[in-house]
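In my numbering, the protein residues as written are 38 to 73. For glycine and all other residues, C-beta sits at the position ideal for the given N, C-alpha and C. A quick note: this is a predicted structure, and the numbers were derived from the prediction, not measured.
Quick look at the structure:
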């Protein structure tokens with residue numbers, strides 16, 4: 038499951054512009070992983 042890691046990731050990254058950029062990248066990675 039990706040959920041526990043996803044929540045831990047959110048808590049570990051500062052909520053700023055870099056955070057938004059990383060979340061966009063991370064979301065794309067999840068879609069890729071689910072597509073495989």
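C-alpha gap between residue i and residue j, whole angstroms
i	j	result
residue 54	residue 69	23 Å
residue 42	residue 67	11 Å
residue 72	residue 65	11 Å
residue 47	residue 58	12 Å
residue 56	residue 62	10 Å
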